[in-house]
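Report on one structure; see the data block that follows.
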Amino acid sequence: LWCLWRIMTCCESFVIPRASSVQQAVAIMRRPSLLLMASSDSSGTSSVVDTSTISLLEHVNLNVPCHEHVLELYGFILGMALDPRRAENVSKGEGTLWFNCGASQFHLPHGETAQVWNGHLGLSFPSLQPLQHRLESYNNDNKPFAEYSLMGINDNNNDDDDDVDGAAAAYIRIVDHYGNVFHCRQEEEDDALHRYDFQQPTLMTTPQTTTNNNINNKDVEEFGLELCQKYGNMECSGLKYVEYNVPAGTAAKIATFYESVFDATTQIITNDNDNDVDD
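Under our numbering, the first residue of the sequence shown carries the number 1167, and numbering increases by one thereafter.
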């Protein structure tokens, strides 16, 4: 599966090139299925029997030119936890950072040119309100993201504090300074069935003392209490799906590739107005 992510992120330009026309096919890889939509609108769904043996979207790799913005965006705004195995690179000011959300990760190695996902990344949260409050706490001068929007109305959420038009947002759309787009959604009731017992490691945030009043916490000793407390909490519960835009008319061939190579469950949804797309 690691190889899958290397193909997705490093070879994106020729595996799934950016569509040049308004009409697009949208490829969505969910845990653990792949949904291919021959339309620029990815909101439609229909039932599909999942037979895939893929069990996890383990990580997404995005090259970044520096740590500026990404520390605050992933570690604070998006509520992901800094992985202890790469935490030493924060003090160095360079090197790869890993941010964890549930059983999945975001790998952020150095790259002279920032890598931009050609689509969007779907994240899950127990509640969207803390995320919304964090976004609203920034002014235009120091925010670690380019923009955000409250999208749609979620009728199932009765908690309407600080929401658009007195109702809860269906999801929050966040764009980072490089153009990567995140769709953040509140967990649905059946999401608990898809959670993993395993989750990626986090920094210890509470120092423990011995009888001699010495700190007995490897993370605090190595990285400092401030860093551990700031980037050690994990609120984002997982990488729910990834979606990227591909040219219209290519959905069927892409589905065949993922079915035959990765044993992914796929589904193709067509737009009746698009005459040049695959059925």
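Backbone N, C-alpha and C fix where the C-beta goes; we use that ideal spot for every residue, glycine too.
Can you round the beta-carbon distance between residue 1244 and residue 1389 to whole angstroms, since I take them to be within the 8 Å contact cut? Contact doesn't hold; Cβ gap of about 20 Å is too wide.
State the start and end residues of the unbroken beta strand (DSSP E) segment that holds residue 1313. 1313 to 1317
Identify which residue in 1231, 1280, 1225, 1289 has its Cα closest to the Cα of residue 1264. 1225
Can you grab the Cα-Cα spacing for the pair residue 1286 / residue 1387, in whole Å? 38 Å
Ignoring anything shorter than 4 residues or poking outside the stretch 1414 to 1442, list the alpha helix (DSSP H) runs there in chain order. 1417 to 1428
Buried versus exposed call for residue 1296 [16 or more other C-beta atoms within 10 Å across all chains shown]: exposed
Between residue 1250 and residue 1385, which are expected to be in contact by the criterion C-beta below 8 Å, what is the C-beta distance as a whole number of angstroms? 6 Å
Buried or exposed: residue 1434, going by 16 or more other Cβ atoms within 10 Å of its Cβ? buried
Could you work out which residue in 1289, 1395, 1288, 1234 is closest to residue 1262 when comparing CA atoms only? 1234
Please report the straight-line C-alpha distance between residue 1343 and residue 1237, rounded to a whole angstrom. 12 Å
How should residue 1190 be labelled, buried or exposed, when 16 other C-beta atoms within 10 angstroms of its C-beta is the threshold for buried? Any reading at residue 1190 is ruled out, since the residue's pLDDT is 43, under 50, leaving its predicted position unreliable.
Cut-off 6 Å between Cβ atoms - residues of its own chain near residue 1283, not counting five sequence neighbours on either side: 1346
Please classify residue 1406 as buried or exposed, where buried requires at least 16 other C-beta atoms within 10 Å of its C-beta. buried
Quick one: what's residue 1338 bridged to in DSSP? 1316, 1350
Less than 8 Å between the CB atoms is what I'm expecting for residue 1272 and residue 1228, so what's the real figure, rounded? 7 Å
Please state whether the Cβ-Cβ distance between residue 1351 and residue 1288 is less than 9 Å. yes
Taking DSSP's pairing of strands, which residues face residue 1226 in a bridge? 1272
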